[in-house]
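Please read the structure below before turning to the comments.
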Amino acid sequence: VVSQHRFDDSSLFISRAIADGKLGKILEADAYVKWYRTPEYYARPIKGSWAVEGGGALINQAIHQVDILLWLIGPVREVFALWQLGGMHKIESEDVVSVLLRYQSGAQGVIQASTAFWPGYTERVEIHGTKGTAILAGDKLAAWDVRDYEGEPPPLAKEVLSGSADPMAIPLAPFERQFRDFGEAIRTGRKPAVSGEEGYRALELVLAAYRSCREGSKVTLNG
Numbered sequence: 039v040v041s042q043h044r045f046d047d048s049s050l051f052i053s054r055a056i057a058d059g060k061l062g063k064i065l066e067a068d069a070y071v072k073w074y075r076t077p078e079y080y081a082r083p084i085k086g087s088w089a090v091e092g093g094g095a096l097i098n099q100a101i102h103q104v105d106i107l108l109w110l111i112g113p114v115r116e117v118f119a120l121w122q123l124g125g126m127h128k129i130e131s132e133d134v135v136s137v138l139l140r141y142q143s144g145a146q147g148v149i150q151a152s153t154a155f156w157p158g159y160t161e162r163v164e165i166h167g168t169k170g171t172a173i174l175a176g177d178k179l180a181a182w183d184v185r186d187y188e189g190e191p192p193p194l195a196k197e198v199l200s201g202s203a204d205p206m207a208i209p210l211a212p213f214e215r216q217f218r219d220f221g222e223a224i225r226t227g228r229k230p231a232v233s234g235e236e237g238y239r240a241l242e243l244v245l246a247a248y249r250s251c252r253e254g255s256k257v258t259l260n261g
């Protein structure tokens, strides 16, 4: 799992704000990755396969938003999920999936992921607390609606970069930041900003969602 969004200026701002209690008690934290991929994208047999890619829209496209939710809000206790296998595309895995979350903190949330929604829409992470709301769109802070806010200026942006319709449109700067951090960690012998264990947490949630889809029941995570 590449955790590039942890290195976005907007995500770092929200992380500090949550830690300082600026949003109050977190009630809900959601992620929406309603993208579109062409039939040509899935023309290679490995794309959307269980054996090679491990699944579809959730594990491939939305896992970066899964990682952000876990980083900002904390571990998830329970999941219940529904999917459509090859709802639009000729693939064996899901191209539409909805996941209901209950965090260990008591907050709840939703993850919706797809590669079937033409023309593709900018991915969002929405965090709602007792003091207000923060919304990430793509790699930017799109909304910061917080009552009586005092603190560092929120890095609100109007222009957003997203891979919602074109994988080549995904911004590369956050990837570079993570790669540089990892290289520096190797050089100096320190721990990287994002460990392998952190990547496993995101994978664990995705696999729990897949299990819920297959079994038609709620799944409790061990963490």
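Just add 38 to wherever you are in the sequence shown, counting from 1, and you've got the working numbering.
For glycine and all other residues, C-beta sits at the position ideal for the given N, C-alpha and C.
Does the count of Cβ pairs from the region 120-138 and the region 220-233 closer than 8 Å reach three?
-> no
For A151 and L96, believed in contact at Cβ under 8 Å, the rounded distance = 5 Å
The region 76-96 / the region 222-231 touching (three or more Cβ pairs under 8 Å) = no
Drop a sphere of 10 angstroms on the beta-carbon of Q103, count the other beta-carbons inside from all chains shown, and report buried for 16 or more, exposed for fewer.
-> Its Cβ being crowded by 16 or more others within 10 Å, Q103 is buried.
Quick one: what's got a C-beta closer than 8 Å to V198's C-beta in the same chain, skipping five residues either side?
-> T160, A175, G176, D177, K178, A180
Own chain residues within Cβ distance below 8 Å of R249, not counting five before or after | V257
According to DSSP, is S49 helix, strand or coil?
-> helix
Looking at the structure shown, is F155 part of a helix, part of a strand, or coil, going by DSSP?
-> coil
In terms of DSSP beta bridges, what is K194 paired with?
-> According to the sequence displayed, residue 194 carries Leu and not Lys. Residue pairing for L194: DSSP places it in a beta bridge opposite L179.
Return the first residue and the last residue of the alpha helix (DSSP H) that Y248 is part of.
-> 234-253
Enumerate in chain order the residues of its own chain whose CB-to-CB distance from P77 is below 7 Å, with the five nearest sequence positions on each side excluded.
-> Once the five neighbours on either side are set aside, the close Cβ partners of P77 are H127.
Which whole runs of the beta strand (DSSP E) in the region 125-151 are 3 residues long or more, in chain order?
-> 132-141
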